[in-house]
Amino acid sequence: MDQKVALEEGLYQTTSRSDDCLPIVSKEETDKRDETLKKLTDLYKEVLKAIGEDPERQGLLKTPLRAAKALYYFSLTRQVLKAIGEDPERQGLLKTPLRAAKALYYFSHGYHVKLPELLNGAIFNEDHDEMVIVKDIEMFSLCEHHLVPIYGRVSIGYLPNKQVLGLSKLARVVEMYARRLT
Numbered sequence: 001m002d003q004k005v006a007l008e009e010g011l012y013q014t015t016s017r018s019d020d021c022l023p024i025v026s027k028e029e030t031d032k033r034d035e036t037l038k039k040l041t042d043l044y045k046e047v048l049k050a051i052g053e054d055p056e057r058q059g060l061l062k063t064p065l066r067a068a069k070a071l072y073y074f075s076l077t078r079q080v081l082k083a084i085g086e087d088p089e090r091q092g093l094l095k096t097p098l099r100a101a102k103a104l105y106y107f108s109h110g111y112h113v114k115l116p117e118l119l120n121g122a123i124f125n126e127d128h129d130e131m132v133i134v135k136d137i138e139m140f141s142l143c144e145h146h147l148v149p150i151y152g153r154v155s156i157g158y159l160p161n162k163q164v165l166g167l168s169k170l171a172r173v174v175e176m177y178a179r180r181l182t
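Residues in the sequence shown are numbered from 1 upward in steps of one, following full-length UniProt numbering.
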């Protein structure tokens with residue numbers, strides 16, 4: 001792979017010398033991660049079976065993979081703490097990997113929300129043709145480049161074309177998209 005392309009794809013990290021690059025994630029590491037996630041997913045399926053649940057049931061189809069990703073992320077958080085010079089066994093950090101995994105899930109749960117389910121039929125026929133505006137909807141998200149917080153306010157306006165959406169649903173739509181990397 002061309003070094004410039006690799007830099008643009010974020011596969012390399014520059015060191016103190018601008019022409020010296022170190023790989024961040026090798027193909028072997030990616031394959032190992034995928035293999036680990038597969039094994040953890042299979043393990044969680046067995047756990048579900050052991051407690052009498054059907055892992056192929058509609059509501060549980062994604063649960064084993066989600067649990068595997070959470071556990072994998074949990075272990076990565078411990079590695080990050082070590083890398084910055086912290087002791088993950090220190091009393092104040094013992095629950096940090098779990099809290100970080102829960103926080104990341106909360107900040108990214110918009111990927112799991114389906115718009116039709118969110119709207120839940122709250123589209124109403126109205127003989128209304130003036131602009132509908134909802135202002136100052138609070139929004140919080142994570143920057144997709146650095147995973148740092150972004151917060152602000154959103155205003156939405158639309159022309160209804162004989163149908164209106166329940167006003168509270170607009171804030172929920174903002175929340176759904178804000179809970180994705182932006």
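Think of the CB as a built atom: it goes at the ideal place given N, C-alpha and C, for glycine as much as any other residue.
Fair warning: this is a prediction, and the values are worked out from it, not measured in the lab.
Quiz prompt | Check whether P55 and T41 have beta carbons under 7 Å apart | solution = Here the question's residue 55 lines up with position 55 in the sequence shown. Here the question's residue 41 lines up with position 41 in the sequence shown. No, the Cβ-Cβ distance between P55 and T41 is not below 7 Å.
Quiz item: If we call anything under 7 Å between Cβ atoms a contact, is K162 one with A122?
Solution: As a position in the sequence shown, residue 162 is number 162, starting the count at 1. As a position in the sequence shown, residue 122 is number 122, starting the count at 1. Contact annotation: K162 and A122 have beta-carbon atoms that are not nearer than 7 Å.
Self-check item: Span separating the alpha-carbon of M176 from that of V113
Solution: Within the sequence shown, the letter at position 176 stands for residue 176. Within the sequence shown, the letter at position 113 stands for residue 113. Going from the Cα of M176 to the Cα of V113 covers about 7 Å.
Quiz prompt | Separation of E117 from Q58, as counted between CA atoms | solution = The residue labelled residue 58 in the question sits at position 58 within the sequence shown. The residue labelled residue 117 in the question sits at position 117 within the sequence shown. As the crow flies, the alpha-carbon of Q58 is around 15 Å from that of E117.
Self-check item: Backbone secondary structure at G110 - three-state DSSP
Solution: One-based indexing of the sequence shown puts residue 110 at position 110. Note: G110 maps to helix in three-state DSSP.
Practice problem: Could you please give the first and the last residue of the uninterrupted beta strand (DSSP E) stretch that includes R66? | Solution: For this step, residue 66 is matched to residue 66 along the sequence shown. Looking at the DSSP string, R66 is not in any beta strand (DSSP E); the run it does join, the alpha helix (DSSP H), is T63 to A83.
Quiz prompt | Through-space distance from H145 to G152, alpha-carbon basis | solution = As a first step, residue 152 is located in the sequence shown; it is residue number 152 there, counting from the start. As a first step, residue 145 is located in the sequence shown; it is residue number 145 there, counting from the start. Per the coordinates, the alpha-carbon of G152 lies some 18 Å from the alpha-carbon of H145.
Quiz item: So R179 and G92 are in contact, right, with Cβ under 8 Å, and what is the actual spacing, rounded?
Solution: Translated into positions along the sequence shown, residue 179 becomes position 179. Translated into positions along the sequence shown, residue 92 becomes position 92. Contact flag wrong, Cβ pair sits at about 28 Å.
Quiz item: T182: which of L37, F107, L81 and C143 sits nearest, CA to CA?
Solution: Here residue 182 refers to the residue found at position 182 when the sequence shown is read from its first residue. Closest by alpha carbon: C143.
Self-check item: Continuous beta strand (DSSP E) assignments of at least 3 residues falling wholly in the segment 149–181
Solution: 149–158 and 163–165, all fully within the segment 149–181.
Quiz item: Taking just the CA atoms, how far does R90 sit from A68?
Solution: On the sequence shown, position 68 is the one that residue 68 refers to. On the sequence shown, position 90 is the one that residue 90 refers to. Cα to Cα, A68 sits roughly 25 Å from R90.
Quiz item: If you run the structure through DSSP and keep just helix, strand and coil, what is D129?
Solution: Stepping through the sequence shown from its first residue, residue 129 is reached at position 129. Residue state, collapsed to three classes: coil.
Exercise. Compare the Cα-Cα distances from M139 to each of N120, D129, F107 and G166 and report the closest residue.
Key: For the purposes of this step, residue 139 is taken as the residue at position 139 of the sequence shown. Nearest to M139 by alpha-carbon distance, out of N120, D129, F107 and G166, is F107.
Exercise. Whole angstroms is fine: what's the gap from Y73's alpha carbon to N125's?
Key: Position 73 of the sequence shown, counted from the first residue, corresponds to residue 73. Position 125 of the sequence shown, counted from the first residue, corresponds to residue 125. Going by the C-alpha atoms only, they are around 46 Å apart.
Quiz prompt | Inter-residue Cα distance where the pair is K27 and S75 | solution = Taking the sequence shown and counting its residues from 1, the one referred to as residue 27 is at position 27. Taking the sequence shown and counting its residues from 1, the one referred to as residue 75 is at position 75. Going from the Cα of K27 to the Cα of S75 covers about 20 Å.
Quiz item: What is the rounded straight-line gap between the Cα of V47 and the Cα of N120?
Solution: For the purposes of this step, residue 47 is identified with residue 47 of the sequence shown, where counting begins at 1. For the purposes of this step, residue 120 is identified with residue 120 of the sequence shown, where counting begins at 1. Rounded to the nearest angstrom, the two C-alpha atoms are 33 Å apart.
Quiz item: Under three-state DSSP, which class holds D87?
Solution: Position 87 of the sequence shown, counted from the first residue, corresponds to residue 87. Coil.
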